[in-house]
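For reference, the structure discussed in these notes is given below.
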Amino acid sequence: DTGVSQNPRHKITKRGQNVTFRCDPISEHNRLYWYRQTLGQGPEFLTYFQNEAQLEKSRLLSDRFSAERPKGSFSTLEIQRTEQGDSAMYLCASSLVTEETQYFGPGTRLLVL
Amino acid sequence: SQQGEEDPQALSIQEGENATMNCSYKTSINNLQWYRQNSGRGLVHLILIRSNEREKHSGRLRVTLDTSKKSSSLLITASRAADTASYFCATGLNNDMRFGAGTRLTVKP
Numbered sequence: 001d002t003g004v005s006q007n008p009r010h011k012i013t014k015r016g017q018n019v020t021f022r023c024d025p026i027s028e029h030n031r032l033y034w035y036r037q038t039l040g041q042g043p044e045f046l047t048y049f050q051n052e053a054q055l056e057k058s059r060l061l062s063d064r065f066s067a068e069r070p071k072g073s074f075s076t077l078e079i080q081r082t083e084q085g086d087s088a089m090y091l092c093a094s095s096l097v098t099e100e101t102q103y104f105g106p107g108t109r110l111l112v113l
Numbered sequence: 114s115q116q117g118e119e120d121p122q123a124l125s126i127q128e129g130e131n132a133t134m135n136c137s138y139k140t141s142i143n144n145l146q147w148y149r150q151n152s153g154r155g156l157v158h159l160i161l162i163r164s165n166e167r168e169k170h171s172g173r174l175r176v177t178l179d180t181s182k183k184s185s186s187l188l189i190t191a192s193r194a195a196d197t198a199s200y201f202c203a204t205g206l207n208n209d210m211r212f213g214a215g216t217r218l219t220v221k222p
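Keeping their order, the protein sequence lines are chains A and B.
First residue of the first sequence? That's 1 in the numbering used here, and the numbers climb one at a time after it.
First residue of the second sequence? That's 114 in the numbering used here, and the numbers climb one at a time after it.
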């Protein structure tokens, strides 16, 4: 499968715990995006990388959230001290610099108890 | 905000009928894209239309864009039960893409 992959697909955690999600983009794609989606809503932009550089962060990305893409390939999104309001689907997408279309992974569904 | 807003929020039709969904937005855009999402899954790209284009077709999909009215429509012809999904428009400007809340389409067999 040469599409965008995300792991884990589902995560249940207790409030206050830290969680980390991984995204593997399409191999030749230099841009990688993170979105959050709550029930009944569209995806909300969180942050994006071009190669290993994090070029934009939404104000939705509080200081409990951190994203990395150390080698310009896969990316991780960490949420520290999770809160119930963090429960959502976290989507990753990738694209080429030269194209506007983003290709999405299947998402990681997070439930914070 | 350049976020698109879809209308209607929900649409229920019989198999074989056409489905039309609309998207309105507020600011300038470079392009507008439509995505489909099956329940609990990731988004699948359907079609992209650039700001200098007025209409595009892809299979049973027809997209129009009216930049003067800041609106777009997605028409699915001869709908099938498998078209049941949420459909989102996403407005693009300078590598930024913003989504609306989507239209939930149900196609009854």
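Virtual Cβ for every residue (Gly too), placed ideally from N, Cα, C.
Predicted, not measured: the structure shown is a model, and the values here were computed from it.
Take the alpha-carbon of Gly-129 (chain B) and the one of Ser-66 (chain A): they are about 47 Å apart. The alpha carbon of Asn-51 (chain A) has as its nearest neighbour, out of A:Gly-85, A:Leu-111, A:Gly-16, A:Ile-26, the alpha carbon of A:Ile-26.
Pairing Gly-117 (chain B) with Ser-141 (chain B) gives a Cβ-Cβ distance that is not under 9 Å.
When CB distances to chain B are screened at a threshold of 8 Å, the residues of the stretch 101-113 of chain A falling below it are Thr-101, Gln-102, Tyr-103, Phe-104, Gly-105, Pro-106, Gly-107, Arg-109, in chain order. By the C-beta criterion, the stretch 202-221 of chain B is judged not to be in contact with the stretch 168-175 of chain B, since fewer than 3 inter-stretch pairs fall below 8 Å.
At a beta-carbon threshold of 9 Å, the residues of chain A lying near Gln-146 (chain B) are Glu-100, Thr-101, Gln-102, ordered along the chain.
By the criterion of a C-beta distance shorter than 6 Å, Arg-81 (chain A) is surrounded in its chain by Gly-16, Arg-64, once the five residues flanking it on both sides are discounted. In the DSSP secondary-structure assignment, Thr-219 (chain B) is bridged to B:Ser-125. For the 9 Å CB-CB criterion, Ile-12 (chain A) and Leu-113 (chain A) form a contact. For the options B:Gly-213, B:Ala-191, B:Arg-217, B:Leu-178, the alpha carbon positioned closest to that of Asn-131 (chain B) is the one of B:Ala-191.
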